[in-house]
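What follows is a single structure, written as structure tokens, with notes after it.
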Amino acid sequence: MEKIEFESKEGDVLSFFVIDETILNNTRYLLVSEQDPDVSEEEGEATILKCVASDEEEETYEFVEEDTEWNALLSVFQELLSDTDIIG
Numbered sequence: 693m694e695k696i697e698f699e700s701k702e703g704d705v706l707s708f709f710v711i712d713e714t715i716l717n718n719t720r721y722l723l724v725s726e727q728d729p730d731v732s733e734e735e736g737e738a739t740i741l742k743c744v745a746s747d748e749e750e751e752t753y754e755f756v757e758e759d760t761e762w763n764a765l766l767s768v769f770q771e772l773l774s775d776t777d778i779i780g
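Just so we're aligned, residue 693 is where the sequence shown starts under this note's numbering, counting upward by one.
Below, the structure written as structure tokens:
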């Protein structure tokens, strides 16, 4: 499973495993978790990152925080992962 590093607005470097990704309205979204669901049997929390800038070498992400956007994306990821036990 792909692992990415993400720098928060506060400057902290966070590591996430990419569970899935989708593109909606020409925007790339990643469903990520701090725990690797392929290895860990513990339930972990997932979050959604939104690509806000992209060039040939790097993509910049921010956390999806707006409730309407979050809920819509959660429904999409639930559908994409409906045949797995990763997301309920």
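Cβ atoms here follow ideal geometry from the backbone N, Cα and C, with glycine treated the same way. Just so it is clear, the structure is predicted and the values come from calculations on it, not from any experiment.
Bridge-paired residues (DSSP) for residue i
i: Glu751; result: Ser746
Cβ distance (whole Å) where residue i is taken to contact residue j below 8 angstroms
i: Thr726; j: Ser707; result: A small fix is needed here, since residue 726 is Glu in this sequence, not Thr. Sure, about 7 angstroms apart at Cβ, within 8 angstroms.
i: Leu741; j: Phe709; result: Between Phe709 and Leu741 the Cβ distance is about 12 angstroms, and since that is not below 8 angstroms, they are no contact.
Nonlocal neighbours in the same chain, by C-beta distance under 6 angstroms from residue i, ignoring five residues either side
i: Arg720; result: Cys743
Close Cβ partners of residue i (< 7 angstroms) along its chain, the five nearest in sequence each way excluded
i: Asp712; result: Leu723, Phe769, Leu772 and Leu773
Span separating the alpha-carbon of residue i from that of residue j
i: Ser700; j: Asn763; result: 22 angstroms
i: Thr752; j: Gly703; result: 13 angstroms
i: Asn717; j: Leu765; result: 12 angstroms
i: Asp654; j: Ala738; result: Residue coverage of the chain in this structure runs from 693 to 780, which leaves residue 654 outside it and unanswerable.
i: Glu761; j: Met693; result: 25 angstroms
i: Val705; j: Asp775; result: 32 angstroms
Any non-hydrogen atom of the ligand HEM closer than 8 angstroms to residue i Cβ
i: Glu726; result: Judged by which ligands are present, the structure shown has none, so any question about the ligand HEM falls away.
Close beta carbons around residue i, own chain, < 8 angstroms, minus the five adjacent residues each side
i: Ile782; result: A question about residue 782 goes unanswered here, because the residues of the chain that appear run from 693 up to 780.
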